[in-house]
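Step one of this worksheet: look at the structure below.
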Amino acid sequence: MINSSLKQLGQQLASKQISSVELTQAYLQRMAQLNPTINAYVTLDEEKTLAQAKAADARIAAGDAGPLTGIPLAQKDIFCAKGWRTTCSSKMLENFISPYDAHVISQFDAAGAVNLGKTNMDEFAMGSSNETSYFGGVKNPWDFDRVPGGSSGGSAAAVAARLCAAATGTDTGGSIRQPASLCGFTGLKPTYGLVSRYGMIAFASSLDQAGPMAKSAEDCALMMNVMAGFDERDSTSVNREKEDYTRGLSAMTGEQPLKGLRIGLPKEYFAEGLSADVAKVIETAVAEYQKLGADIVDISLPNNNLSIPVYYVLAPAEASSNLSRYDGVRYGHRAAEYDDLMEMYMKSRAEGFGAEVKRRILIGTYVLSAGYYDAYYLKAQQIRRLIAQDFVEAFKHCDVIMGPAAPSTAFKAGEKTNDPVAMYLEDLYTIAVNLAGLPGMSIPAGFATSTEGKALPVGLQIIGNYFDEARMLDVGHAYQQVTDWHTRMPEGI
Amino acid sequence: MALNLDDIKRIAHLARIEVSDHEAQETLHKLSGILGLIEQMQAVDTTGITPMSHSQDVTQRLREDVVTKTNQRELFQSIAPATQDGLYLVPKVIE
Chain S
1 MINSSLKQLG QQLASKQISS VELTQAYLQR MAQLNPTINA YVTLDEEKTL AQAKAADARI
61 AAGDAGPLTG IPLAQKDIFC AKGWRTTCSS KMLENFISPY DAHVISQFDA AGAVNLGKTN
121 MDEFAMGSSN ETSYFGGVKN PWDFDRVPGG SSGGSAAAVA ARLCAAATGT DTGGSIRQPA
181 SLCGFTGLKP TYGLVSRYGM IAFASSLDQA GPMAKSAEDC ALMMNVMAGF DERDSTSVNR
241 EKEDYTRGLS AMTGEQPLKG LRIGLPKEYF AEGLSADVAK VIETAVAEYQ KLGADIVDIS
301 LPNNNLSIPV YYVLAPAEAS SNLSRYDGVR YGHRAAEYDD LMEMYMKSRA EGFGAEVKRR
361 ILIGTYVLSA GYYDAYYLKA QQIRRLIAQD FVEAFKHCDV IMGPAAPSTA FKAGEKTNDP
421 VAMYLEDLYT IAVNLAGLPG MSIPAGFATS TEGKALPVGL QIIGNYFDEA RMLDVGHAYQ
481 QVTDWHTRMP EGI
Chain E
1 MALNLDDIKR IAHLARIEVS DHEAQETLHK LSGILGLIEQ MQAVDTTGIT PMSHSQDVTQ
61 RLREDVVTKT NQRELFQSIA PATQDGLYLV PKVIE
């Protein structure tokens, strides 16, 4: 049951083979057994969870069920959920009980899904390994000595260890796709503006985007049907007609379902810095796509190497502004002792934020400070346009772009914690997609063997044109019809 | 652009984050590495390129100037560190 797809679970619930309460309890039992080790969840509330499951069973009995009614999902702790502790894995919000629901949460509630709990993450989504959480790191279910990737590491581990049927994540520079690659599941970062950011705790507003993390492309499509859509409360939400992201999946069968699809391979994604093991897996996956009828086109994204410096100006600049709201006045941590208002601010923020968050606030403050704005912030926004234009040019020659999602398989905990620059390079293949606002996904494409002989997952990244999520999911699904990487589970758990 | 300890303390003050001397030293080291990474941007000629602040060509949507929310002061203040009579309490600002 725990390895079933969302569609299978939906069918079992609809046919009353299982109840939502039974299914939810199965996950809760598994969480009780494994979460103390993996640390995927930071907040559980069994009473609320089971109440939702009971309500879902009532909806099913009344014939009022949708595809996700009664299905237990994990929610990244960046989404405010009314009455739930919502911490963003920070001491700053350790005791924050949200007075309202994020758009994503209310959409899943309306669909009748069950919230299993809030998942661990890098503090304020700042990190690529899930080691900056105030509540401690998350273990990669494939190898407990390794990181699950970040920042959606708790959701990633929960999906990989089957501690939920699927999960939500957010992706500012790769935080859905990189952990999807490192933990072996399917994760989609939609086009910027397609999923409302209302109630999602802000990190870098022009880059943050919520998306699904699930076992397969088909599961992601079902999640997207609930998550995507216009929301007037987010001024950057795009007003588009609702789509059915599952509409093309059934056509992805037969000999060559992708005949005529042009896949662009950017030479910059296969250059220095990419591990040989990962490169081999990606090349094999691309060959599989050729068998499915796709044509390969060589393309170039010449400014890709600039995406990391640009990101580490723009994201901290936006973060320094967004995180100025944590001042100890209206909510969040307040220092116990202070003499005046300035000291209250400075101590509250010094105590409430962890080292990586402080570092990024300081970078952001610096690049926006008098005399440096043009040299850093404005310059970064200009290069951001060059990076986005590279994609516009590339999509004249191809329909989707493929490459690795991360330069290597999961690395060991502690390996990169003292070298922020090395950590930042983890997102070399994902950040440009956020800067351009494009959709990107990672699907399991095989395994590479670690030095200890453990098989570690490798993710294939698929980048699409603006609002081309349905086609990307078709492309992912076609591959998952002829391979079984996405069904593999870590052994022994 | 090389930073020194005084720069770190000035930036920390602007950011309203207290840093100890030890933290400032450690921060200096790590920030210098990150700024070294950022400096790669300066080699690019960006003359005449319009800055990109948003990924879509859209204009800010405006709504009608009407009240849409109900007053939830009590709910919001129930999570505040210190309140009294419907107001947020902070240290004395005006003597």
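For the protein sequence lines, the chains are S and E, in the order given. For the first sequence, position 130 matches number 130 in full-length UniProt numbering, and the numbering has no gaps at all. For the second sequence, position 59 matches number 59 in full-length UniProt numbering, and the numbering has no gaps at all. C-beta atoms are modelled at their ideal positions from N, C-alpha and C, and glycine is treated no differently. As the structure is a computational prediction, the values presented were derived from the model and not from experiment.
Using 6 Å as the cut-off, classify the Cβ of residue i as near or not near the heavy atoms of the ligand MN, replying yes or no.
i, result
"Y41(S)", "In terms of ligand content, the structure shown is empty, and the ligand MN therefore cannot be addressed."
So is residue i buried or exposed if we call it buried at 16+ other beta carbons inside 10 Å?
i, result
"N35(S)", "buried"
"D21(E)", "exposed"
"K259(S)", "exposed"
"V281(S)", "buried"
"A271(S)", "exposed"
"I383(S)", "buried"
"V19(E)", "buried"
"K358(S)", "buried"
"I94(E)", "exposed"
"N4(E)", "exposed"
"T186(S)", "buried"
"G150(S)", "buried"
"K416(S)", "buried"
"V66(E)", "exposed"
"P91(E)", "exposed"
"H29(E)", "exposed"
"N465(S)", "buried"
Does the beta-carbon distance from residue i to residue j come in below 7 Å?
i, j, result
"P190(S)", "S152(S)", "no"
"D427(S)", "G173(S)", "yes"
"N120(S)", "V42(S)", "yes"
"K82(S)", "S155(S)", "no"
"S196(S)", "D234(S)", "yes"
"V475(S)", "V400(S)", "yes"
"Y269(S)", "Y429(S)", "yes"
"P457(S)", "H486(S)", "no"
"A167(S)", "M213(S)", "yes"
With a threshold of 7 Å between beta carbons, is residue i in contact with chain E?
i, result
"S450(S)", "no"
"K381(S)", "For the sequence presented, residue 381(S) should be read as Gln rather than Lys. Yes - at least one Cβ of chain E is within 7 Å of the one on Q381(S)."
"R177(S)", "no"
"Y312(S)", "yes"
"D340(S)", "yes"
"K347(S)", "yes"
"Y331(S)", "yes"
"residue 499(S)", "Residue 499(S) lies beyond the residue range present for chain S, which begins at 1 and ends at 493; the question has no answer from this structure."
Where does residue i fall in DSSP's three states?
i, result
"Q256(S)", "coil"
"A78(E)", "Sequence check: residue 78(E) is Ser here, not Ala. Note: S78(E) maps to coil in three-state DSSP."
"N434(S)", "helix"
"L87(E)", "strand"
"D399(S)", "coil"
"M472(S)", "helix"
"D277(S)", "helix"
"S442(S)", "strand"
"K412(S)", "strand"
"V195(S)", "coil"
"K9(E)", "helix"
"M200(S)", "strand"
"F108(S)", "helix"
"A40(S)", "coil"
"G149(S)", "coil"
"V329(S)", "coil"
"D295(S)", "strand"
"G137(S)", "coil"
"K30(E)", "helix"
"A74(S)", "strand"
"P316(S)", "helix"
Quick check: is the beta carbon of residue i nearer than 7 Å to any beta carbon in chain S?
i, result
"L16(E)", "Sequence inspection shows Arg at residue 16(E); the Leu mentioned does not correspond to that position. So, interface residue."
"Q56(E)", "yes"
"S43(E)", "Here residue 43(E) is Ala; the residue named in the question, Ser, does not match the sequence. Cβ-Cβ to chain S under 7 Å: no for A43(E)."
"K30(E)", "yes"
"A24(E)", "no"
"V66(E)", "no"
"I94(E)", "no"
"L73(E)", "Note on residue identity: the sequence assigns Arg, not Leu, to residue 73(E). With 7 Å as the cut-off, R73(E) does not count as an interface residue toward chain S."
"L87(E)", "no"
Across which residues does DSSP place residue i in a beta bridge pair?
i, result
"N71(E)", "Paired residue(s): none; N71(E) is not in a bridge."
"R85(S)", "I97(S)"
"F447(S)", "P457(S)"
"F79(S)", "M200(S)"
"T168(S)", "P212(S)"
"R262(S)", "D295(S)"
"K118(S)", "T43(S) and Q75(S)"
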